[in-house]
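K.L.:
Protein chains in written order, with the numbering used here: chain F, 1 to 192; chain W, 1 to 192; chain E, 1 to 192; chain S, 1 to 192.
Where a beta carbon is used, it is the ideal one built from N, C-alpha and C, also for glycine.
For reference, the structure I am asking about is given below.
4 protein chains.
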Amino acid sequence: MAQMYFYYSAMNAGKSTTLLQSSFNYQERGMNPAIFTAAIDDRYGVGKVSSRIGLHAEAHLFNKETNVFDAIKELHEAEKLHCVLIDECQFLTKEQVYQLTEVVDKLNIPALCYGLRTDFLGELFEGSKYLLSWADKLVELKTICHCGRKANMVIRTDEHGVAIADGDQVAIGGNELYVSVCRRHYKEALGK
Amino acid sequence: MAQMYFYYSAMNAGKSTTLLQSSFNYQERGMNPAIFTAAIDDRYGVGKVSSRIGLHAEAHLFNKETNVFDAIKELHEAEKLHCVLIDECQFLTKEQVYQLTEVVDKLNIPALCYGLRTDFLGELFEGSKYLLSWADKLVELKTICHCGRKANMVIRTDEHGVAIADGDQVAIGGNELYVSVCRRHYKEALGK
Amino acid sequence: MAQMYFYYSAMNAGKSTTLLQSSFNYQERGMNPAIFTAAIDDRYGVGKVSSRIGLHAEAHLFNKETNVFDAIKELHEAEKLHCVLIDECQFLTKEQVYQLTEVVDKLNIPALCYGLRTDFLGELFEGSKYLLSWADKLVELKTICHCGRKANMVIRTDEHGVAIADGDQVAIGGNELYVSVCRRHYKEALGK
Amino acid sequence: MAQMYFYYSAMNAGKSTTLLQSSFNYQERGMNPAIFTAAIDDRYGVGKVSSRIGLHAEAHLFNKETNVFDAIKELHEAEKLHCVLIDECQFLTKEQVYQLTEVVDKLNIPALCYGLRTDFLGELFEGSKYLLSWADKLVELKTICHCGRKANMVIRTDEHGVAIADGDQVAIGGNELYVSVCRRHYKEALGK
């Protein structure tokens with residue numbers, strides 16, 4: 001029975017590396033994984049999953065209008081898929097997370113989703129909210145705060161490194177925009 | 001460093017039993033745990049945590065207005081607390097979940113929260129939403145669907161056992177109102 | 001696909017309570033679980049699993065000569081089993097753990113095993129060794145050291161509470177014989 | 001409080017990639033991790049941790065005589081260590097695993113150990129045995145069997161791909177020597 005996994009973490013934990021390693025494991029055994037990532041994330045070029053550690057692979061793109069069930073079904077009918085891997089899954093919509101449960105339940109294809117848990121205001125992204133609600137397995141990928149404790153929150157900083165407490169949920173950026181911190185230092189940075 | 005745990009499950013998985021066992025473990029070592037439960041849940045009498053398997057213990061009550069940080073701090077100052085255990089934590093508000101992070105971060109008291117993940121419409125309760133967002137550890141307590149697979153969703157049924165797809169989020173009830181099922185049988189029961 | 005779980009912990013973590021709750025969950029859905037425990041453990045009467053919190057249930061017994069595959073197969077043929085629950089699984093032999101993998105792999109019956117990880121000398125029991133080797137899922141049931149940290153080791157004490165560093169691996173006893181402690185206090189108690 | 005983690009898996013699951021990503025996470029925050037690997041493993045050159053996916057880093061070497069506590073303490077005194085990462089940890093001796101618990105308990109440095117669980121005969125390696133006994137956290141890194149299920153066992157094959165049921169525990173090799181499989185196909189391959 002296929003299952004849906006949500007691998008969640010703060011930023012810079014190595015989600016994309018873990019995704020690419022899983023994909024490698026499937027291919028190494030002659031299997032056919034399909035990789036998707038958010039069209040919104042053009043940090044490293046469109047249609048690519050890249051990890052800061054130096055790995056990358058081609059990826060299908062999804063945006064808010066994509067019907068991921070249909071897209072995956074089409075790929076599966078062209079060539080049997082053994083697994084789908086979704087990077088930046090926090091950018092999925094509620095409907096797309098539901099479509100992914102159908103990929104798992106109806107097409108019996110495992111879905112491994114990798115993404116952030118909360119935004120810089122500590123609120124769930126829509127995709128994360130419904131993955132946390134419906135996924136079979138919730139697995140935390142760990143990274144560390146500057147204090148050495150586990151980091152599970154994300155601060156958005158301005159160009160002076162000062163934490164920002166308002167603004168749009170999404171402003172794609174690498175290290176210079178976001179910092180992963182523990183809950184204590186998150187509160188401290190936002191003066192809570 | 002104290003941590004916040006969210007022990008989540010569908011209904012009838014033994015959350016209260018697990019809570020009572022943890023409390024027992026602390027007391028057995030001469031430590032002082034405090035138990036809280038939702039005032040809304042009067043199935044087994046007010047101010048009590050009871051498990052269907054036959055265990056029960058006195059519990060402090062919280063409702064939407066309770067400041068759980070103040071309530072716990074007061075108890076802690078009267079007699080050092082080694083842990084707080086929250087049953088029916090899905091009924092916490094966003095603000096109360098935040099107050100609990102302060103109990104953990106500022107008073108360094110571990111908080112073990114036990115509750116449902118999603119309601120009969122597959123939506124997160126407010127308490128579950130913010131525990132899934134901010135807790136240090138997410139631990140699933142397993143129970144089974146009638147088909148033998150893991151149950152991670154909840155159906156609300158009418159007196160004829162037919163699944164209901166509308167109504168208030170909360171209608172406190174035991175086996176006769178709610179059934180825990182796997183995702184596939186959840187969809188089937190709601191004709192999805 | 002059935003799986004083999006090893007729920008391990010130090011002493012007094014509530015393993016038997018957790019086992020009895022799982023059994024209750026299966027029965028509540030009209031399913032048929034079978035409970036086994038070690039004949040060697042006569043603390044609460046033979047053929048019974050009891051938890052210090054006050055719960056108990058009848059149990060089939062196994063000793064070193066029992067062929068658990070045959071015993072389970074016989075029960076299964078008499079009335080379909082949905083799950084087997086093994087208490088005190090540290091007392092299983094290597095061969096019996098292998099037989100349990102056959103119950104899972106050949107009879108497709110889930111096996112939930114509950115037991116200690118290491119003895120008072122920090123060495124694995126034979127049953128624990130092969131469950132740690134072959135089980136599909138390793139799940140820790142937590143309990144606490146007198147210092148508040150997680151307890152993952154066990155000290156055997158004499159009647160004066162002084163830790164003992166030699167003697168037979170097995171001397172069945174309750175609180176008065178054994179104390180669960182964290183690794184640091186384990187080393188301290190044994191003067192390491 | 002530092003903890004000891006044992007990241008275990010069958011072969012070709014990406015243990016080295018995960019280790020290198022953890023190391024990268026620490027360095028990215030200006031911290032100083034130390035990497036160790038077994039001198040016995042010269043597949044990719046001595047003193048190097050390499051992952052099949054194309055990543056590598058310098059590593060300190062340990063062999064059966066190395067006192068890892070002294071080696072780490074020396075590094076720590078030269079420049080504060082924030083974490084030690086041990087690859088091929090199955091090749092540690094019992095004494096070396098104990099020394100690592102002292103690194104965690106006495107020097108308060110987290111130890112992340114990555115390695116195999118069982119050998120081609122289904123028996124624990126010495127290092128794995130004592131990590132499974134004493135580690136604070138046991139985390140499984142997943143890979144897949146040719147049948148699509150999770151692989152948790154390892155077959156050693158001859159040049160014709162036929163499973164071998166005897167021979168030394170250690171014969172360092174890549175894909176051509178070892179294949180990770182699920183328990184069912186492990187038994188099948190060895191004619192059990």
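(1) Under 7 Å: does the beta carbon of Tyr130/E sit that close to some heavy atom of the ligand ADP?
(2) What span of residues does the alpha helix (DSSP H) with Leu55/W cover, start to end?
(3) Any beta-carbon of chain S closer than 8 Å to the one on Gly161/F?
(4) So, at 7 Å on beta carbons, what are the nonlocal neighbours of Thr37/S in its own chain, with the 5 sequence-adjacent residues on each side left out?
(5) For Ile145/W and Ala78/W, I'd like the C-alpha separation in whole angstroms.
(6) So which residues on chain F does Glu58/S lean against when the C-beta distance must stay under 8 Å?
(7) At a CB distance below 9 Å, what residues from the region 68 to 98 of chain E approach chain W? Give them in sequence order.
(8) Given that a residue counts as buried once 16 or more other Cβ atoms are within 10 Å of its Cβ, and exposed if not, what is His185/S?
(9) Are the C-beta atoms of Gln3/E and some chain W residue less than 8 Å apart?
(10) Is it buried or exposed, Lys64/F, if we count other Cβ atoms within 10 angstroms and call 16 or more buried?
(11) Taking the Cβ atom as the reference point for each residue, do Thr143/W and Ala151/W lie within a distance shorter than 8 Å?
(12) Are the Cβ atoms of Arg117/S and Ser9/E separated by less than 8 Å?
(13) From Glu282/F to Glu159/E, what distance separates their C-alpha atoms?
(14) So Val84/F and Ala111/F are supposed to be a Cβ contact under 8 Å. How far apart are they, rounded?
(15) May I ask you to report which of helix, strand or coil DSSP gives Ala111/W?
(16) Can you list the residues of chain W that Thr17/E reaches, using a CB-CB cut of under 7 Å?
(17) For Cys83/E, which residues does DSSP report across the bridge?
(18) Taking all protein chains shown into account, decide if Gln27/E is buried (16 or more other Cβ within 10 angstroms of its Cβ) or exposed.
(19) In terms of alpha-carbon separation, which member of Leu107/S, Tyr114/S, Phe24/S, Cys182/S lies closest to Ile53/F?
(20) First and last residue of the alpha helix (DSSP H) that includes Glu28/E?
(21) Name the DSSP bridge partner or partners of Lys137/S?
(22) Can you check whether the C-beta of Leu116/F is within less than 8 Å of a C-beta belonging to chain W?
(23) Alpha carbons only, please: which of Ala39/S, Asn108/S, Glu74/S is nearest the one belonging to His82/S?
(24) Within 10 Å of its beta-carbon, does Ala13/W have 16 or more other beta-carbons around it, so buried, or fewer, so exposed?
(25) Whole angstroms are fine: how far does the CA of Thr93/W sit from the CA of Glu123/W?
(26) How many Å lie between Val162/F and Asp105/W at the Cα?
(27) Please classify Ala135/E: is it buried, with 16 or more other beta-carbons within 10 angstroms of its beta-carbon, or exposed?
(28) Is it right to say Gln169/W is buried, meaning 16 or more other beta carbons lie within 10 angstroms of its own, or is it exposed?
(29) Within its chain, find whatever has a CB closer than 6 Å to the CB of Asn175/F; leave out the 5 residues flanking it on each side and keep chain order.
(30) Suppose you measure from the CA of Arg183/F to the CA of Val181/S; what does that come to, to the nearest Å?
(31) What does the Cβ neighbour count give for Met11/E, buried or exposed, with the cut at 16 atoms within 10 Å?
(32) Give the range of the beta strand (DSSP E) segment to which Arg156/S is assigned.
(33) Exposed or buried, what is Met153/S when buried is set at 16 or more other beta-carbons lying within 10 Å of its beta-carbon?
(34) Checking the sheet assignment: what are the DSSP bridge partners for Phe120/W?
(35) Residues of chain W with CB under 7 Å from Arg29/E, in chain order?
(36) Within 10 angstroms of its Cβ, does Ala71/F collect 16 or more other Cβ (buried), or is it exposed?
P.N.:
This is what the structure holds:
(1) Only the bare structure without any ligand can be found here, which leaves the ligand ADP out of the picture.
(2) Unbroken run through Leu55/W: none, as it is neither H nor E.
(3) False, the Cβ-Cβ gap to chain S never drops below 8 Å.
(4) Within the same chain, Thr37/S has close Cβ partners Val49, Ala59, Leu61, Asp87, Glu88.
(5) It is Cys, not Ile, that sits at residue 145/W in the sequence shown. Cα-Cα distance, rounded: 44 Å.
(6) Here the premise fails: no neighbours, minimum Cβ distance about 15 Å.
(7) Per Cβ criterion, the list reads His82, Cys83.
(8) Looking at its Cβ environment, which holds 16 or more other Cβ atoms inside 10 Å, His185/S is buried.
(9) For Gln3/E, not one C-beta of chain W is nearer than 8 Å to its own C-beta.
(10) Counting Cβ neighbours within 10 Å, Lys64/F comes out exposed, since fewer than 16 surround it.
(11) At the C-beta level, Thr143/W and Ala151/W come within 8 Å of one another.
(12) Going by C-beta atoms, Arg117/S is not nearer than 8 Å to Ser9/E.
(13) This structure gives no information on residue 282/F, because the portion of chain F shown stretches from 1 to 192.
(14) About 5 Å separates the CB atoms of Val84/F and Ala111/F; that is less than 8 Å, so the two are in contact.
(15) Here Ala111/W carries a strand assignment [DSSP, helix/strand/coil].
(16) Within chain W, the residues near Thr17/E are Thr17, Gln21.
(17) Residue pairing by DSSP places Cys83/E opposite Pro33/E in a beta bridge.
(18) Under this definition Gln27/E is an exposed residue.
(19) Taking the Cα of Ile53/F as reference, the smallest distance to any Cα among Leu107/S, Tyr114/S, Phe24/S, Cys182/S is reached at Phe24/S.
(20) Counting along the chain, the alpha helix (DSSP H) containing Glu28/E begins and ends at 15 to 28.
(21) Residue pairing from DSSP places Lys137/S in a beta bridge opposite Tyr5/S.
(22) At a cut-off of 8 Å, the C-beta of Leu116/F has no neighbouring C-beta in chain W.
(23) Measuring from the Cα of His82/S, the nearest candidate turns out to be Asn108/S.
(24) When all chains shown are included, Ala13/W counts as buried.
(25) Thr93/W has its alpha-carbon roughly 15 Å from the corresponding atom of Glu123/W.
(26) C-alpha separation (whole angstroms): 22 Å.
(27) Counting C-beta atoms within 10 angstroms of its own C-beta, Ala135/E has 16 or more neighbours from the protein chains shown and is therefore classed as buried.
(28) When all chains shown are included, Gln169/W counts as exposed.
(29) Here the model assigns Asn175/F a pLDDT of 47, short of 50, so the residue's position is not dependable, and the following value carries that caveat. Cβ within range, chain order: n/a, list empty.
(30) Roughly 40 Å separates the two Cα atoms.
(31) So Met11/E counts as buried.
(32) Per DSSP, the unbroken beta strand (DSSP E) holding Arg156/S starts and ends at 153 to 156.
(33) Result: buried.
(34) Phe120/W is not bridged to any residue.
(35) Neighbours of Arg29/E on chain W, chain order: Ile144, His146.
(36) For Ala71/F, the number of other beta carbons within 10 angstroms of its own is at least 16, and it is reported as buried.
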